[in-house]
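Visitor: Below is the structure I would like to discuss, written out as structure tokens.
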Amino acid sequence: LISVVPAHAESDGGTFGFLAWDFGYASAEATPEACPEGLNTGARELYLGDLPDAERERLAAPENGRELGRMVGRRGNLNACANPTEFKNYGLKVYQSKVHYGLNLDGLGSTDTNTAAPNTCGHPNFTGFNGEFGVDNQMGRVVGCTRAYMAGGDFDNTTGATLVDGSYSVLIELSDVDDKQNDENITVGFYSGRGSVMLDAGGKILPYQSLAVHEDSRFHNVTKGKIVDGIITTEPFDLRLEVHQQVIHSDHWIRGARFKGKFLVDGGLRGIVGGYYDLEKRWEHVIHAGVITSILTGYNCPGLYQKLHDFADGYPDPKTGKCTAISSAMRVGAIPAFVIHRSPETETAQTR
Numbered sequence: 040l041i042s043v044v045p046a047h048a049e050s051d052g053g054t055f056g057f058l059a060w061d062f063g064y065a066s067a068e069a070t071p072e073a074c075p076e077g078l079n080t081g082a083r084e085l086y087l088g089d090l091p092d093a094e095r096e097r098l099a100a101p102e103n104g105r106e107l108g109r110m111v112g113r114r115g116n117l118n119a120c121a122n123p124t125e126f127k128n129y130g131l132k133v134y135q136s137k138v139h140y141g142l143n144l145d146g147l148g149s150t151d152t153n154t155a156a157p158n159t160c161g162h163p164n165f166t167g168f169n170g171e172f173g174v175d176n177q178m179g180r181v182v183g184c185t186r187a188y189m190a191g192g193d194f195d196n197t198t199g200a201t202l203v204d205g206s207y208s209v210l211i212e213l214s215d216v217d218d219k220q221n222d223e224n225i226t227v228g229f230y231s232g233r234g235s236v237m238l239d240a241g242g243k244i245l246p247y248q249s250l251a252v253h254e255d256s257r258f259h260n261v262t263k264g265k266i267v268d269g270i271i272t273t274e275p276f277d278l279r280l281e282v283h284q285q286v287i288h289s290d291h292w293i294r295g296a297r298f299k300g301k302f303l304v305d306g307g308l309r310g311i312v313g314g315y316y317d318l319e320k321r322w323e324h325v326i327h328a329g330v331i332t333s334i335l336t337g338y339n340c341p342g343l344y345q346k347l348h349d350f351a352d353g354y355p356d357p358k359t360g361k362c363t364a365i366s367s368a369m370r371v372g373a374i375p376a377f378v379i380h381r382s383p384e385t386e387t388a389q390t391r
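By this note's numbering, the letter at position 8 of the sequence shown is numbered 47, and the numbering carries on one by one without gaps.
Have a look at this one:
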């Protein structure tokens, strides 16, 4: 049994449904100020740089590409992404600008790395491009000089393609909305979706189509929120969404997440999700992407692994004191849609 929730029902508290066409990392431009040493180098070039001149020239030749591919980031049954501490760490250039996208997650505005709010590790803050004070986005700091993560880059292209083909689906629902400009009590849900996506003749996602939420309730994320002067904000919630993007089959697991956004004139939704991305889940994505992705898109796994842990700023381990999650920001762009809820009998129990 299923029930259909209309996208724009106005009686008994309005409900607005959306289908995401954008749900990727909120990347900033890699300007000379942000990346004074330039962008990071891929694993292939780093490996070749360690070799004697003659061997480097031989392996760099196109006819020896397969041989080189078997050598970069691999040793026996180990590989540099699944076993990053077993391989040479080439370091990673990080984002140096003081301005980035994101939300103030910890309530602090200090740039003192010794200052830490409860349940966080001390770190410097950004100022948002919108002028917001105390923005937390350590993930953006780590990957801001890496080509794969740049706006319009490899990962953005993959995200866009999989949202269009339906293999990766994010549904959003705002309910109990009495006034789209000011409402002190609304309900906001983020869901993984199921089903194919309908496209127009130009390959764009059609608005107002019906899509069902995922049958697994682990991917149902509901929180309370409010609207003030047209700006939607939510209370913190833990966000888990299923991710199927080519070779990556995992979850987004963002703890203490918050959404900030607004309704668009065309009926869509735009905003940002900020929260603390679980390091283990984040690294699972890197393992699935594999060494070949680090070769093609400009990073080395040992360097990325170390920086993610060095810059992690959320949810300290009670035994070690080291943070287990990293503040992050995800762009949200969505068009109107009908969100179909399954009856409770068809959903699986929520588990961790």
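Virtual Cβ for every residue (Gly too), placed ideally from N, Cα, C.
No experiment lies behind these values; they were computed from the predicted model shown.
1. Mind checking which residues open and close the beta strand (DSSP E) that includes Arg-97?
2. Kindly indicate which three-state DSSP category Leu-58 falls into: helix, strand or coil?
3. Using a 10 Å radius around the Cβ and a threshold of 16 neighbouring Cβ atoms, would you call Gly-241 buried or exposed?
4. If you follow the beta strand (DSSP E) that Phe-229 is part of, which residue opens it and which one closes it?
5. Take the Cβ of Leu-280 as the centre, count every other Cβ of all protein chains shown within 10 Å, and call the residue buried at 16 or more, exposed below.
6. Whether or not the stretch 291 to 310 and the stretch 75 to 90 are in contact is what I'm after, with contact meaning three or more pairs of Cβ atoms, one per stretch, closer than 8 Å; do they touch?
7. Beta-carbon separation of Ala-187 and Asp-193 under 7 Å?
8. So, at 8 Å on beta carbons, what are the nonlocal neighbours of Ala-73 in its own chain, with the 5 sequence-adjacent residues on each side left out?
9. Look up Phe-302 in the DSSP assignment and say whether it is helix, strand or coil.
10. Whose C-beta lies closer than 6 Å to the C-beta of Tyr-344 among residues of the same chain, with five residues either side of it excluded?
11. Taking the Cβ atom as the reference point for each residue, do Asp-92 and Gly-141 lie within a distance shorter than 7 Å?
12. Thinking C-alpha only, which one of Asp-89, Asp-356, Ala-376 is nearest Thr-159?
13. Is Arg-109 near the ligand PLP, in the sense that its beta carbon is under 6 Å from a heavy atom of that ligand?
14. Looking at the secondary structure, which residues open and close the alpha helix (DSSP H) in which Ser-333 lies?
15. Note down the Cα distance separating Ile-211 from Leu-238, rounded to an integer number of angstroms.
16. Spatial neighbours of Val-378 within its chain, please: CB distance less than 6 Å, with the 5 preceding and 5 following residues excluded, ordered by chain position.
17. Pairing CB atoms from the stretch 256 to 264 with CB atoms from the stretch 278 to 293, are three or more of them under 8 Å?
18. Let's test the definition: count the other Cβ atoms within 10 Å of the Cβ of Gly-179 and tell me whether it reaches 16, buried, or not, exposed.
19. Expressed to the nearest angstrom, what Euclidean distance is found between the alpha-carbon atoms of Ile-326 and Asp-204?
20. Quick check on DSSP: helix, strand or coil for Pro-218?
21. Enumerated in chain order, which unbroken segments of the beta strand (DSSP E) with a length of 3 residues or greater are wholly contained in the stretch 125 to 154?
22. Buried or exposed for Leu-245, please, with buried defined as at least 16 other CB atoms from any protein chain shown within 10 angstroms of its CB.
23. Under the assumption that Gly-353 contacts Ala-364 (Cβ atoms under 8 Å), give the Cβ distance between them as a whole number of angstroms.
24. With the cut-off set at 7 Å, would you say Gly-130 and Gly-342 are in Cβ contact?
25. Sorted by chain position, which residues of the same chain lie with C-beta nearer than 8 Å to Thr-154's C-beta, five sequence neighbours on each side aside?
Guide: Taking the geometry as given:
1. Arg-97 -> not in any beta strand (DSSP E); alpha helix (DSSP H) instead, spanning 92 to 99.
2. If DSSP states are grouped into helix, strand and coil, Leu-58 belongs with the strands.
3. Per the 10 Å Cβ criterion, exposed.
4. That run of the beta strand (DSSP E) goes 222 to 233.
5. So Leu-280 counts as buried.
6. Fewer than three Cβ pairs drawn from the stretch 75 to 90 and the stretch 291 to 310 lie within less than 8 Å of each other, which leaves the two stretches out of contact.
7. Cβ atoms of Ala-187 and Asp-193: closer than 7 Å.
8. For Ala-73, the CB contacts under 8 Å within the same chain, skipping 5 residues up- and downstream, are Ala-67, Tyr-134, Gln-135, Ser-136, Gly-183, Cys-184 in chain order.
9. It is a strand residue.
10. Correct list, in chain order: Pro-123.
11. Their beta carbons are not under 7 Å apart, which means Asp-92 does not touch Gly-141 by this criterion.
12. Among Asp-89, Asp-356, Ala-376, the Cα nearest to that of Thr-159 is on Asp-356.
13. Inclusion of the ligand PLP in the displayed structure is not the case, the ligand content being empty and no account of it being possible.
14. Its alpha helix (DSSP H) spans residues 318 to 336.
15. Their backbone Cα atoms lie some 19 Å apart in a straight line.
16. Contacts found: Val-44, Gly-56, Leu-210, Glu-212.
17. Note that the stretch 256 to 264 touches the stretch 278 to 293; at least 3 beta-carbon pairs, one per stretch, sit closer than 8 Å.
18. Per the 10 Å Cβ criterion, buried.
19. In this structure, the straight-line span from the alpha carbon of Ile-326 to that of Asp-204 is close to 23 Å.
20. It should be pointed out that residue 218 corresponds to Asp in this sequence rather than to Pro. Shown here, Asp-218 sits in coil according to DSSP, grouped into three states, outside any helix or strand.
21. None, since the stretch 125 to 154 contains no complete beta strand (DSSP E) of that length.
22. Leu-245 sits exposed, since fewer than 16 C-beta atoms from the chains shown fall within 10 Å of its C-beta.
23. That pair is a contact at about 4 Å.
24. Taking 7 Å as the cut-off, the beta carbon of Gly-130 is found closer than this to the beta carbon of Gly-342.
25. Cβ neighbours of Thr-154 beyond the five flanking positions: Leu-147, Gly-161.
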